[in-house]
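To keep things clear, I will list the structure first and then write my remarks on it.
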Amino acid sequence: MSAVQRLQDWRFNTFRALRHPSYRRFWLSQMLSLVGSWMQTTAQSYLVLELTGNNSAALGWVTVAQFTPSLLLSLFAGAIIDRTPRRQILLTTQVVLMATAIALAVTTQLGIVSLPLVLMLAAIAGTANAFDMPARQSMVADFVPREDVPNAVALNSLSFNLSRTLGQAVFGLVAALGVSLLAGGNENNIARLAFPFYLNVVSFVVVIVVIATLPFPARERGNRPAMLQDIREGLHYVRGTPSIRTTLLLVGLLSATIINFNVIIPYFARAVFGLREAGFGALNAAFGLGAMVGALWQASRPNPLRNMRLGAVLLIISGALLAAVPNSLLAAPVLAACGFAMLTFLISANSSVQLSIPDLLRGRVMSLYSFVLVGMGPLGAVVSSFLISRTGPFGPRWGILVLAGLAAVVVLLLWRQVPRELPRIRG
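Put into structure tokens, the structure is as follows:
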């Protein structure tokens, strides 16, 4: 086989889900919107550190505010998603998220933004995301056939992390433009950080238009019992399917330990390495670049389960290595390895769950997946922010080792139970 033929085969296998027009439109619009969202996330972390004098606990509490709604609402969100047209849910969540971006932009430009306001807006955005994330994940099976679901899950992660890399990489440039456009040339004026929020507002407009015009397929609904019965059905299905149960348990416990880079990276970039906007964004982008490569690699793999163990082990090793790096230059490739490992693990986990559930239960089971992935964020954020903010001869680095050690214990305990093949779909 020639090199050209191998390249063509790789391209076809890696991007095959994009053959489906509705999925392709949604994928492209989401990637554009997520670039804006990652610019906002990076700007918000930088804003919180600037408002609080590099306080890692403040970053942790913002994460708690953002992810606690998923912890509280995920089970009900899944039942609602299975009862309600997904277009209606997604339009509502996108409008709410756009409103939080507008509020952050205006208050930051006016210089009246405060930590309590950021906490409140993070909680509102988290409430919207409790419905938005499982609804978007459930849509994969709406737009592609079963055989393309693992590829579509990987491409969703590729979109997420390509936009993460781009959004975080250009944050420094966008903030610099904000100095000229909004801060009167004063690089210390907090108004400069409003510009990423304004650009995110624009990105939401695009995805709202696409969602409003996509031809969503009709879904079988069946006879709907009471909502609590709906929730019990979802829990019963997960409890009775060992492969899903183990996968969700592993995702949840790793999310409570080592998968807390939204706290670790900003604190190390700003407080440990003393980086300003450009370096701050670049270090975040290094993680996103590694995640993007992991998503591309997974998109070309036919078996969604094969790399779950590999991803978990690499995640622990690369996370522990982060504790040893002396400067930001060496931290960048280590964070890229962390991103690669995290996406290898999460795409395998997500794909295996997606392929193991019937459509009538999809919203509820994927809400449970969001519950363990995102809902464990508050606990993980509090623990990780406490550990990395400790003082002493090893400083915050020992906290990373503790998190990696806890994750290693989890993987060892669940190693034999991690699924090796997909179960038959029950129901």
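Numbers in the numbering used here are just positions in the sequence shown, counted from 1, shifted up by 651. From the three backbone atoms N, C-alpha and C, an ideal C-beta is built for every residue, glycine too.
Query: Run through the region 716–786 for me and flag every whole alpha helix (DSSP H) of 4 or more residues, listed as ranges in chain order.; Result: 737–761
Query: Looking at the secondary structure, which residues open and close the alpha helix (DSSP H) in which residue 866 lies?; Result: Neither: residue 866 is in no alpha helix (DSSP H) and is coded neither H nor E.
Query: With respect to the alpha helix (DSSP H) encompassing residue 984, which residues constitute its N-terminal and C-terminal limits?; Result: 979–1005
Query: By a C-beta neighbour count over all protein chains shown, 10 Å radius and 16 as the cutoff for buried, is residue 856 buried or exposed?; Result: exposed
Query: Can you name, in chain order, every residue of its own chain whose Cβ lies under 6 angstroms from the Cβ of residue 902, other than the five neighbours on each side?; Result: 1000, 1023, 1024
Query: With burial defined as no fewer than 16 other Cβ atoms inside 10 Å of the residue's Cβ, what is the status of residue 824: buried or exposed?; Result: exposed
Query: Pair every Cβ in the region 1027–1038 with every Cβ in the region 901–918, then say whether three or more of these pairs are closer than 8 angstroms.; Result: yes
Query: What are the boundary residues of the alpha helix (DSSP H) that includes residue 946?; Result: 928–950
Query: Could you tell me whether the region 824–841 touches the region 940–952, using the rule of 3 or more Cβ pairs below 8 angstroms?; Result: no
Query: Look up residue 917 in the DSSP assignment and say whether it is helix, strand or coil.; Result: helix
Query: Using 8 angstroms as the threshold, is the C-beta distance between residue 945 and residue 995 below it?; Result: yes
Query: Between the Cα of residue 786 and those of 711, 834, 867, 853, spot the shortest distance and give me the residue it belongs to.; Result: 867
Query: I think residue 729 touches residue 1018, with their Cβ atoms under 8 angstroms apart; what is that distance to the nearest whole Å?; Result: 3 angstroms
Query: Could you tell me if residue 1066 is buried or exposed, where buried requires 16 or more neighbouring beta carbons within 10 angstroms of its beta carbon?; Result: exposed
Query: Given a cut-off of 8 angstroms on the beta-carbon distance, is the pair residue 940 and residue 990 in contact?; Result: yes
Query: Within 10 angstroms of its Cβ, does residue 1031 collect 16 or more other Cβ (buried), or is it exposed?; Result: buried
Query: I'd like to know whether the C-beta atoms of residue 756 and residue 848 end up nearer to each other than 8 angstroms.; Result: yes
Query: If you compare alpha carbons, which of 942, 1005, 1027 is closest to residue 988?; Result: 942
Query: Give the single residue among 715, 736, 821 whose Cα lies nearest to the Cα of residue 694.; Result: 821
Query: Suppose contacts are defined by Cβ-Cβ distances below 8 angstroms. Is residue 804 in contact with residue 684 by that definition?; Result: no
Query: How many angstroms separate the CA atom of residue 1015 from the CA atom of residue 839?; Result: 46 angstroms
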